[in-house]
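Quick note: the sequence shown, position 23, residue 23 per the UniProt record's numbering, numbers continuous.
Some notes on the structure that comes next.
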Amino acid sequence: FTKETKDDPHAHLLTEIESVSSFLDYPIGKYESSVFSAGGYKWRLVIYPDGKHISAYIEMIDCIPCLKVHATFKIFLLNRTSDNYLCFRGTAATDFTKSRAKWGFRKLISERMLRDASNGYIVDDKCVFGAQVSVVGSAASFIEISISQTVIISNNVESNSFSNYIQCGAPM
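This is the structure we're talking about:
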């Protein structure tokens with residue numbers, strides 16, 4: 001991913017996390033933002049502390065089977081001291097699907113860098129994250145197969161009987 005500084009991120013979402021020190025000191029969960037709309041779809045920002053780094057992901061909400069949404073995204077962190085945003089973005093568009101509805105950065109920023117007061121990310125035990133999603137395209141004809149049980153096919157099975165299982169969104 002790439003990092004850059006921006007004065008105005010043109011974000012679809014800006015969200016403030018309160019009690020950041022507790023969130024970082026006791027990393028037992030995750031932070032989920034409110035749902036926002038972009039490109040005709042619903043999304044949210046999900047942030048995880050893991051002790052050494054902060055992970056942040058964009059998650060597509062209510063992703064339906066057989067839909068592939070091709071999108072780019074950016075995640076922002078407000079520097080309150082200089083009043084600008086540290087912007088993280090992937091190098092290419094990604095495909096959001098029902099089985100892969102969440103994309104992002106496993107090591108967005110180190111906890112040490114986030115906590116460092118001279119960086120201006122945490123002020124009064126609060127920090128602001130942001131997100132922007134740009135939908136490049138989508139495909140409704142995408143077929144996603146998830147096998148949750150063993151399927152044995154012998155030569156004497158009619159091919160059309162198995163094809164009943166490969167319908168878009170049909171449970172196995």
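For every residue, glycine included, the Cβ atom is placed at its ideal position computed from N, Cα and C.
As the structure is a prediction and not an experimental result, all values here were calculated from the model.
Legend entry - Length of the line joining the Cα atoms of residue 122 and residue 108: Taking the Cα positions, residue 122 is about 15 angstroms away from residue 108.
Inset, instruction - State the DSSP-derived secondary structure class of residue 117, mapped to helix, strand or coil. - result: Residue state for residue 117 is assigned as helix, using DSSP reduced to three classes.
Legend entry - Cβ shell of residue 41 (< 7 angstroms), same chain only, five flanking positions each side left out: Cβ within range, chain order: 60, 69, 135.
Inset, instruction - Following the continuous alpha helix (DSSP H) through residue 24, name the residue where it begins and the one where it ends. - result: Its alpha helix (DSSP H) spans residues 20-25.
Legend entry - Entirely enclosed alpha helix (DSSP H) segments - the UniProt domain "MATH" (10-133), minimum 4 residues: Listed in chain order, the complete alpha helix (DSSP H) runs (minimum 4 residues) inside the UniProt domain "MATH" (10-133) are 20-25, 111-115.
Inset, instruction - Could you check if residue 51 is buried or exposed, using at least 16 other CB atoms within 10 Å of its CB as the buried criterion? - result: Under the 10 Å beta carbon count, residue 51 is surrounded by fewer than 16 other beta carbons and is classified as exposed.
Inset, instruction - Would you mind stating whether residue 2 and residue 76 have Cβ atoms separated by less than 9 angstroms? - result: No. Outside cutoff.
Inset, instruction - Identify, in the order they occur along the chain, each residue of the same chain with its Cβ nearer than 7 angstroms to the Cβ of residue 20, setting aside the five sequence neighbours on each side. - result: So the qualifying residues of the chain are 122, 125, 126, 127.
Inset, instruction - Assign residue 74 to one of two classes, buried (16 or more other C-beta atoms within 10 Å of its C-beta) or exposed (fewer than that). - result: So residue 74 counts as buried.
Inset, instruction - Could you check which residue in 37, 78, 71 has the C-alpha nearest to that of residue 15? - result: A check of alpha carbon separations from residue 15 across 37, 78, 71 identifies 78 as the nearest.
Legend entry - Pick from 10, 63, 137, 7 that is closest to residue 94, judged by C-alpha positions: The candidate whose alpha carbon is nearest that of residue 94 is 137.
Inset, instruction - Identify whether residue 140 lies in helix, strand or coil by the three-state DSSP scheme. - result: In the structure shown, residue 140 sits in coil (DSSP, three-state: anything other than H, G, I, E or B).
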